[in-house]
Amino acid sequence: MEQKKTERINRILTHPSYKAYVFQNAEKERDRVFCHHDMGHFLDVARLAVILNLTEGYGQDAELIYAAALLHDVGRHIQYETGEDHALVSARMAPAILKDCGFSQEESEQIVSAIATHRQVEVRDRKDLNGLLYRADKLSRPCYCCKQEGACNWKGDKKNRQLIW
Ligand SMILES: [Fe+2]
Ligand SMILES: [Fe+2]
Numbered sequence: 016m017e018q019k020k021t022e023r024i025n026r027i028l029t030h031p032s033y034k035a036y037v038f039q040n041a042e043k044e045r046d047r048v049f050c051h052h053d054m055g056h057f058l059d060v061a062r063l064a065v066i067l068n069l070t071e072g073y074g075q076d077a078e079l080i081y082a083a084a085l086l087h088d089v090g091r092h093i094q095y096e097t098g099e100d101h102a103l104v105s106a107r108m109a110p111a112i113l114k115d116c117g118f119s120q121e122e123s124e125q126i127v128s129a130i131a132t133h134r135q136v137e138v139r140d141r142k143d144l145n146g147l148l149y150r151a152d153k154l155s156r157p158c159y160c161c162k163q164e165g166a167c168n169w170k171g172d173k174k175n176r177q178l179i180w
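Per the numbering used here, the sequence shown runs over residues 16 to 180.
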């Protein structure tokens, strides 16, 4: 990614609402024994998606990939309170941040669509940002070295038994 292409991404990272949401996720997950929805996860997803994008020819813009990955779980803390699917909560939270950070309406819609479907297996095989985010999100979890693997409710075939990238 060229230097200038990271400008809007860094605006997301320093956006007050974004920082507040990430902090609220951390507060809610303080005692969580399963996977967290934190900056480490967001960056794992972003970088995995960029690798898949390059190695499998998705043809997606790296800046949009990073934006989707950084924002895809920002609403997780709300799910702990209300039970609402955090993919939809995050998709609702993302547009205001994306607008403030200089993303166009068209770019925002593409990113928000990928966020909204990141838990829908139906998009897994799509060669677009939606499919890319879905796959990178699932591949990011290190089930092969997780102490809670036995108690985790991810179905067996979804768990990562070995490292891929
Ligand atoms: Fe998620
Ligand atoms: Fe995630």
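Positions of the beta carbon are idealized from the N, C-alpha and C atoms, including for glycine.
Quick check on this structure: which residue in the options has the alpha carbon closest to the alpha carbon of residue i?
i      : options                       : result
LEU85  : GLN94, GLY74, MET108, ILE93   : MET108
LEU113 : VAL104, SER105, SER123, LEU67 : SER123
GLU78  : ALA61, ALA41, VAL138          : ALA61
TRP180 : THR29, ASN25, PHE57, LEU67    : LEU67
ASP59  : ALA82, ASP76, GLY72           : ALA82
THR70  : THR97, LYS142, GLN120, GLU42  : LYS142
Kindly indicate which three-state DSSP category residue i falls into: helix, strand or coil?
i      : result
ARG23  : helix
GLU99  : coil
GLU42  : helix
PRO157 : coil
PHE61  : What sits at residue 61 in the sequence shown is Ala, not Phe. Three-state result, ALA61: helix.
THR29  : coil
TYR73  : coil
SER119 : coil
ASN168 : coil
ASN145 : helix
Assuming residue i and residue j form a contact by the criterion Cβ under 8 Å, report the distance between their Cβ atoms to the nearest whole angstrom.
i      : j      : result
CYS116 : ARG47  : The Cβ separation is near 29 Å, so there is no contact.
LEU148 : HIS87  : 6 Å
ARG150 : ARG139 : 6 Å
HIS208 : ASN40  : Residue 208 cannot be examined here, being either before or after the span of the chain that is shown, 16 to 180.
Original post:
ligand 1: which residues have Cβ under 7 Å from any of its heavy atoms, chain order?
Top reply: The filter returns HIS52, HIS87, ASP88, ARG91, HIS101, ALA102, HIS133, ARG134, ASP152, in chain order.
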